[in-house]
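Engineer: Chains as they are written, first to last, in full-length UniProt numbering: chain A, 1 to 789; chain B, 1 to 84. Here it is: the structure, laid out below.
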């Protein structure tokens, strides 16, 4: 190619002659190095000559082509050959350095050629754009870049990574070094930057080389293309580490601003040093400044994302620690707006809840506590409530499945001492339930309106989500107030009948608070219950003070809790035959009551109540407060010191299973001893016990704190029993019916009126199946029928 | 051993001594209260007529007030007179 002379008509000179001159001016053409000894004047002459012959474009193209050829054939393979093998990081570092140096040197070596070509352009007055670049140097850079990238070997990032990793290590080290001086460097044998022995620390030289290489790459316009990715990934790694370290386990401080500052100072410091060549050279071009800005935006986003991810991983713990972890939640809220991690959060948190909360090993109160914390934290995180709704969906579902949820909620609502729910109750707001008709959105503040997030459930109004408070959310777990009110009623009844204190101020206060939420009508029954207690106190005082009733002449004082049966939850029916003198006493009391309130009488619940006893034994005296059944048992032992369960059962009309349980209490007190199966003996003297002082008065809680009320299950049973008479009637008239038909008929006839009892198909099936098992029904071919008498 | 009862707190439910469970007018339990009342017992007492039928006082008063001419027991249509 070099031998072919341009075919141009020439005036004075021989073509060969001209070609030789051109070759002297541009020795590249002949594959010779550039000679500097030719005088500039001579070169200028040649250039003018080219210009005269209108060959400048051709020559330029030719020379550039030649250089491109050389680049492709020699420079680039040379460059990449350094990338092929490395034994350790340090070697990689050196290879990269050498490669950059060599390619830079070749650029330098071509520089005079370009200068001449530029001159040629000036002389001939040509302006053209080659490869998208105005200047020839630019063109050359494009050539180098393109040919480098066209021959990219597979493993090139490794070496680049080595280079930058080592440099970064040195940097971080020097940064940390400024941070904590007290970490005495004498102890260290190796420099933590370059991992060389302290004496031979190469940090300084590494930094020097690093800056030089960067500068060269910048000059070649290669930094971004060659090392951009590696730098980014290294910085990402660094950010990840930093974020992880800085927010490990501490939720009580906000990290966003410190992280931003860190990014600004430390990370951007590195970037500036890379892009500006060295740290001293503060003055930077506009272009690099812009590149850094862009880089910073990307990195800031990455920082937020990393931080958000870290926080989301910890979100469960954050929620548990709420409100101490408020700053962390606030951070997360800000970050969520900047990143697109909502779905990730939902998924992660749901999984965390499921693995850590929603399994049989967790107590219901704990789940509730976590749920309340979650409600609060997530409401702060997302005021629209959509996040809360989606994330806690499984929790609600799970709680619905647990039997003791309602009880736990109600008891924690009215618990003494600091309880979040009780506080929440005191705040007092009307209860919001889902069932309400969707109200119109606020029209006053329409300018501040925001659409619901995309994951919102469209069937619910955003207002209902925004306003519903914690108690409403808990009640909504079941979706009905009645269940909660009933449970509260049972709980209240239990409390009143276990404490037997006539001081109801506290209960009245809670009742008033609950009324604010659940409405007057729902809690009407409870109000009557409390009034019963209050009235009982008055009646007791009245009967006691009136000498006509002869109550003060009795052996012991008796008081009564007089209840309005209709308003209390059904009592557990138990029988108990009290000692005759007690019965007589209660009879006197009833008489007194009848006199006081004409036309009214009392039905005693002998098994309920509390008795204060003084038991005198040979060696000690006991003061105890026990239940009537306990008192009766020990009273019987007074007349005879050995009883069998069978005998006691007959005399007391109490089933022997119950008796055994109750006797256990006296056994634990050391008063009774089982001498043979089901035969108990009174222990008058207890040598081991008599030595240690016995507390004068012991108020003994019933060992098993049993509910005096029938359980919700039993109550329901009773309600269903109402249906039974209907069903029998139906089947008598219509012979046999399928389940659905029975259900419909019941709906029509039995479920009307104020005391309507709802019964689902499922429940009815269970009920009927049980009747079948009890042989009260026959079931065949999908039809129920009554058995033939 | 000597067991002395220092005090006894019993639990009892009160009820009206009547020949029926429910009020013939409002069909609510006697031991409860009439539909207009909140509290049972003293606040919503029963009254007996000479015909031996009894009702919530509020129920029978309402009934009697609604009768223009002669006041009769809603159960047996005899003239209503309060039992002394």
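Where is the CB? At the ideal position from N, CA and C, for every residue including glycine.
Look up residue 303/A in the DSSP assignment and say whether it is helix, strand or coil.
Structural biologist: helix
Engineer: Quick one: does residue 31/B have its CB under 8 Å from some CB of chain A?
Structural biologist: Closer than 8 Å: yes.
Engineer: From the DSSP output, in three-state form, read off residue 25/B for me.
Structural biologist: coil
Engineer: Got a sec: is the Cβ-Cβ distance from residue 17/B to anything in chain A below 8 Å?
Structural biologist: Chain A has a Cβ within less than 8 Å of the Cβ of residue 17/B.
Engineer: To the nearest angstrom, report how far apart residue 729/A and residue 746/A are at their CA atoms.
Structural biologist: 11 Å
Engineer: Quick check on residue 91/A: buried or exposed, where buried means 16 or more other Cβ atoms within 10 Å of its Cβ?
Structural biologist: exposed
Engineer: Run through chain C and tell me which residues come within less than 7 Å of residue 38/B, C-beta to C-beta.
Structural biologist: As a matter of chain content, chain C is missing from the structure shown, whose protein chains are A and B.
Engineer: Among residues of its own chain, excluding the 5 on either side of residue 498/A, which ones have a beta-carbon nearer than 6 Å to its beta-carbon?
Structural biologist: none
Engineer: Restricting to Cα atoms, I'd like to know which of 651/A, 767/A, 202/A, 306/A is closest to residue 719/A.
Structural biologist: Of the candidates 651/A, 767/A, 202/A, 306/A, the one whose C-alpha sits nearest the C-alpha of residue 719/A is 767/A.
Engineer: When we look at the beta-carbon of residue 657/A and count the other beta-carbons within 10 Å, is it buried (16 or more) or exposed?
Structural biologist: exposed
Engineer: Going along chain A in order, which residues have a C-beta closer than 9 Å to the C-beta of residue 1/B?
Structural biologist: Chain A residues near residue 1/B: 615, 616, 617, 618, 634, 637, 638, 641, 671, 682, 684.
Engineer: Write down every uninterrupted run of the beta strand (DSSP E) in the UniProt domain "RING-type" (34–77) of chain B whose length is 3 residues or greater and which is fully enclosed by it, in chain order.
Structural biologist: 46–48, 54–56
Engineer: Please look up how many angstroms separate the CB atoms of residue 487/A and residue 407/A, rounded, as I've assumed it's under 8 Å.
Structural biologist: 6 Å
Engineer: Is residue 585/A buried or exposed, if buried means 16 or more other CB atoms sit within 10 Å of its CB?
Structural biologist: buried
Engineer: Can you list the residues of chain B that residue 563/A reaches, using a CB-CB cut of under 9 Å?
Structural biologist: 11, 12, 13, 14
Engineer: From residue 114/A to residue 218/A, what does the alpha carbon distance come to, in whole angstroms?
Structural biologist: 19 Å
Engineer: Tell me which residues of the segment 225–252 of chain A have at least one Cβ-Cβ distance to chain B shorter than 9 Å, keeping chain order.
Structural biologist: none
Engineer: Decide if residue 693/A is buried, meaning its Cβ has at least 16 other Cβ atoms within 10 Å, or exposed.
Structural biologist: Unreliable positioning characterises residue 693/A in this predicted model, as indicated by a pLDDT of 43, which lies under 50. The coordinate reading is nonetheless provided below. Per the 10 Å Cβ criterion, exposed.
Engineer: Express the C-alpha separation of residue 11/B and residue 530/A in angstroms, rounding to a whole number.
Structural biologist: 14 Å
Engineer: Just how far apart, CA to CA, sit residue 637/A and residue 643/A?
Structural biologist: In a straight line, the C-alpha of residue 637/A is about 7 Å away from that of residue 643/A.
Engineer: Would you say the segment 605–614 of chain A touches the segment 587–594 of chain A, given that touching needs at least three Cβ pairs under 8 Å?
Structural biologist: no
Engineer: Check whether chain B comes within 8 Å of residue 569/A, counting only Cβ atoms and requiring the distance to be less than that.
Structural biologist: So, not an interface residue.
Engineer: Is it buried or exposed for residue 214/A, if we count other Cβ within 10 angstroms and need 16 for buried?
Structural biologist: Note on residue 214/A: 16 or more other CB atoms within 10 angstroms of its CB, so buried under the neighbour-count rule.
Engineer: According to DSSP, is residue 268/A helix, strand or coil?
Structural biologist: Three-state result, residue 268/A: helix.
Engineer: Give the range of the alpha helix (DSSP H) segment to which residue 397/A is assigned.
Structural biologist: 393–401 is the span of the alpha helix (DSSP H), which, as asked, contains residue 397/A.
Engineer: Leaving out five residues before and five after residue 736/A in sequence, what residues of the same chain have Cβ atoms less than 6 Å from its Cβ?
Structural biologist: 783, 785, listed in sequence order.
Engineer: If we cut at 8 Å on Cβ distances, does residue 557/A have a partner in chain B?
Structural biologist: yes
Engineer: So the candidates are 292/A, 540/A, 740/A, 314/A; which of them puts its Cα closest to the Cα of residue 264/A?
Structural biologist: 292/A
Engineer: Residues of chain B with CB under 8 Å from residue 604/A, in chain order?
Structural biologist: Going along chain B in sequence order, the residues near residue 604/A (Cβ under 8 Å) are 10, 11, 12.
Engineer: Based on Cα-Cα distance, which residue from 472/A, 383/A, 236/A, 398/A lies nearest to residue 451/A?
Structural biologist: The residue among 472/A, 383/A, 236/A, 398/A with its C-alpha nearest the C-alpha of residue 451/A is 383/A.
Engineer: On the DSSP letters alone, give me the boundaries of the beta strand (DSSP E) that residue 642/A sits inside.
Structural biologist: From DSSP, the beta strand (DSSP E) with residue 642/A extends over 642–644.
Engineer: At a CB-CB cut-off below 7 Å, which residues of chain A make contact with residue 52/B?
Structural biologist: Near residue 52/B there are no residues of chain A at all, since even the closest Cβ is about 13 Å away, more than 7 Å.
Engineer: Quick one: complete alpha helix (DSSP H) runs, 4+ long, within the segment 101–169 of chain A?
Structural biologist: 136–150
Engineer: Looking at the unbroken alpha helix (DSSP H) that takes in residue 20/A, where does it start and where does it end?
Structural biologist: Run containing residue 20/A: 15–25, per the alpha helix (DSSP H) assignment.
Engineer: Report all residues from its chain with a CB closer than 6 Å to the CB of residue 135/A; omit the five preceding and five following residues, and keep chain order.
Structural biologist: Nothing listed; no residue qualifies.
Engineer: Which residue or residues does DSSP assign as beta-bridge partners of residue 258/A?
Structural biologist: Answer is none; residue 258/A lacks a bridge partner.
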